[in-house]
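Trainee: Quick note: the sequence shown uses this note's numbering, first residue 132, plus one each step.
Here a beta-carbon is modelled for each residue, glycine too, at the ideal position from N, C-alpha and C.
Please read these numbers as outputs of a predicted model, since none were measured by experiment.
Have a look at this one.
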Amino acid sequence: MESKTIALITGASSGIGKELAHIHAENAGDLIIVARSKDKLEKLKRELVDKHHINVIVIAKDLSLPDAPKEIYNEVKKAGIEVDYLINNAGFGGIGKFHERNWEQDLAMINLNVVALTALTRFFLPDMVKRNSGKILNVSSTASLMPGPLQAVYYATKAYVTFFSNAIAEELHDTGVTVTALLPGATETEFGKVSGMDKTSMFKKAASARGVAEDGYNGMLKGKLDVISGLTLTQKMMIATVPLMPKKIILSQIRKMQEVK
C-alpha cells in the first residue's frame with residue numbers, strides 16, 4: 132500500500148461499518164475491511180476501488196471465534212502494513228429474557244462485542260504508542276449508559292466498550308494516540324432486524340447509518356472521548372435524566388420500550 136492513512140474497520144460489510152469505509156475512502160484513505168462475509172466484502176472493495184482508486188484489503192473472519200483477532204493482526208503485520216485508524220465496529224444484539232435466550236448466541240455476543248474488540252485494541256495499540264500516532268474508534272451505544280432489561284447482555288457489553296475506551300483514552304493522554312467511543316441511538320442498519328429491535332418502539336425514529344458514521348469518524352479525527360449520535364430530542368432528554376431518576380423507574384421504562392409490539 133502507498134503511504135496513505137490506513138483504516139482497519141471490523142463489521143465493514145453493512146450498516147455503520149460500511150458507511151465508515153465509504154467515508155474513509157472519500158478522504159483518499161486506504162482500507163482493511165473485516166467481516167464474516169467474503170462476498171459482501173469483495174463487493175464493497177470493488178465499489179470503493181472503482182470510485183476512489185484506493186487500496187483495499189479484504190479479511191474474512193468470524194470475530195466471535197477466539198483466535199480471529201490475533202490472526203487478523205498477524206496477517207496485517209506480515210503484509211508490512213501500519214494501521215493508522217483502528218475502527219472496532221463489529222457487534223450484534225438480541226432481544227428476550229436472559230434466562231430464555233440461547234446461551235450460545237449470548238456467549239458469541241460477549242466474544243464479539245467485548246473480547247474481540249479488546250483483543251484487537253491490545254494487539255494494535257502498542258504499535259501506535261511506539262509511533263506516537265494513531266486513532267481508535269470503538270463503536271458502543273447509548274445503551275451503554277443504562278441497564279437494559281430484555282437486552283441484558285447487549286447493554287452490558289456496550290457499557291464495557293464505553294468505559295474501557297474512556298479508561299484507556301486517559302491512560303494515553305500524554306501520547307499522540309486517541310481513543311473515541313461512538314454511542315449511537317437506534318440506527319437504520321441490519322442490526323435492528325437481526326436483534327429483533329426493529330419491532331420495538333425504540334426503533335420508530337431510527338437515525339441514518341451515514342449520519343452516525345460521519346459523526347463518529349469526525350469525532351475520531353478530533354480525538355473526542357465520546358460521540359453521542361442519532362438521538363431525537365426526546366431521547367436526548369431521557370438520556371440526560373437517567374442519572375437523576377430512581378433505577379427501578381428507569382428499568383421499567385426501558386423494559387416497556389423494548390417489548391416487541
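1. Taking the alpha-carbon of Ser-271 as reference, which of Val-292, Pro-377, Lys-176 and Ser-339 has the nearest alpha-carbon?
2. For Ile-218, which beta-bridge partners are listed by DSSP?
3. Going by DSSP, what residue range makes up the alpha helix (DSSP H) through Ile-147?
4. Would you call Ala-159 buried or exposed, if buried means 16 or more other Cβ atoms sit within 10 Å of its Cβ?
5. With DSSP run on the structure shown, which of helix, strand or coil describes Ala-340?
6. Which of the three DSSP states is assigned to Ser-360 in this structure?
7. Which whole-angstrom value describes the C-beta separation of Ile-140 and Ile-164, a residue pair presumed to lie in contact below a C-beta threshold of 8 Å?
8. Answer yes or no: do Glu-202 and Arg-341 have a C-beta to C-beta separation smaller than 7 Å?
9. Between the segment 361-376 and the segment 273-289, do at least 3 Cβ pairs fall closer than 8 Å?
10. What whole-angstrom Cβ distance do Phe-223 and Met-240 have, given they're in contact under 8 Å?
11. Got a sec? Which residues, its chain only, sit under 7 Å from Met-132 by beta carbon, not counting five neighbours each side?
12. Taking the C-alpha atoms as reference points, what is the distance between Asn-219 and Thr-136?
13. In this structure, what does DSSP give as the bridge partners for Leu-162?
14. Measure the alpha-carbon distance for Thr-252 versus Leu-303 and round it to whole angstroms.
Mentor: So, from the listed chains and residues:
1. Indexing the sequence shown from 1 puts residue 271 at position 140. That would be Val-292, whose Cα lies nearest to the Cα of Ser-271.
2. Residue numbering aside, residue 218 sits at position 87 when the sequence shown is read from its first letter. Ile-140 and Leu-268.
3. For the purposes of this step, residue 147 is identified with residue 16 of the sequence shown, where counting begins at 1. Note, Ile-147: alpha helix (DSSP H), 146-157.
4. As a working note, residue 159 is residue 28 in the sequence shown. Exposed, since its Cβ has fewer than 16 Cβ neighbours within 10 Å.
5. On the sequence shown, position 209 is the one that residue 340 refers to. Ala-340 falls in the helix class under three-state DSSP.
6. Along the sequence shown, one-based indexing puts residue 360 at 229. It is a strand residue.
7. The count along the sequence shown starts at 1 and reaches residue 140 at position 9. The count along the sequence shown starts at 1 and reaches residue 164 at position 33. So it is a contact: roughly 6 Å between Cβ atoms.
8. Stepping through the sequence shown from its first residue, residue 202 is reached at position 71. Stepping through the sequence shown from its first residue, residue 341 is reached at position 210. Their beta carbons are not under 7 Å apart, which means Glu-202 does not touch Arg-341 by this criterion.
9. yes
10. As a position in the sequence shown, residue 223 is number 92, starting the count at 1. As a position in the sequence shown, residue 240 is number 109, starting the count at 1. Indeed they touch by this definition, with Cβ atoms about 6 Å apart.
11. Counting from one through the sequence shown, the residue named residue 132 turns up at place 1. With a pLDDT of 39 at Met-132, under the threshold of 50, the modelled position of this residue cannot be trusted; read the value that follows with caution. Once the five neighbours on either side are set aside, the close Cβ partners of Met-132 are Asp-161, Asn-186 and Ile-212.
12. Looking up residue 219 in the sequence shown gives position 88. Looking up residue 136 in the sequence shown gives position 5. Using only the alpha carbons, I get a separation of about 17 Å.
13. Numbered from its first residue, the sequence shown carries residue 162 at position 31. Looking at the DSSP assignment, Leu-162 forms a beta bridge with Ala-138 and Val-187.
14. Translated into the one-based positions of the sequence shown, residue 252 becomes position 121. Translated into the one-based positions of the sequence shown, residue 303 becomes position 172. If I take the Cα positions, the gap works out to 13 Å.
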